[in-house]
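Taking the UniProt record's numbering, the leading residue of the sequence shown gets 1, the next gets one more, and so forth. Glycine included, every Cβ here is placed at the ideal spot set by N, Cα and C. Beneath this line is the structure, given in structure tokens, with notes to follow.
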Amino acid sequence: MDSSPYILELIDTDGTQHFIAMKNLLIKNTNGVVLVYSVIDQKSFVDIPDIHANIVTVR
């Protein structure tokens, strides 16, 4: 990266199945996705492969 400023917008979609259409629209129109899990909630970690698969499908 050069010395140009960049804008980073973070949108927390909370991992639930609410607002699926909106999440899919965000996934389609983004330049990148960061997957985050909780170190105190093992299910949030276990869900990462399914979330990633959904992202790959939508993109």
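#1: Taking buried to mean at least 16 other C-beta atoms within 10 Å of its own C-beta, is Lys23 buried or exposed?
#2: When the Cα atoms are used, what is the spatial distance from Gln42 to Val36?
#3: CA-CA distance, Val33 and Ile51?
#4: By Cβ distance below 8 Å, which residues in the same chain neighbour Ser38 in space, the five residues on each side in sequence not counted?
So, from the data block:
#1: buried
#2: 12 Å
#3: 11 Å
#4: Ser44, Phe45
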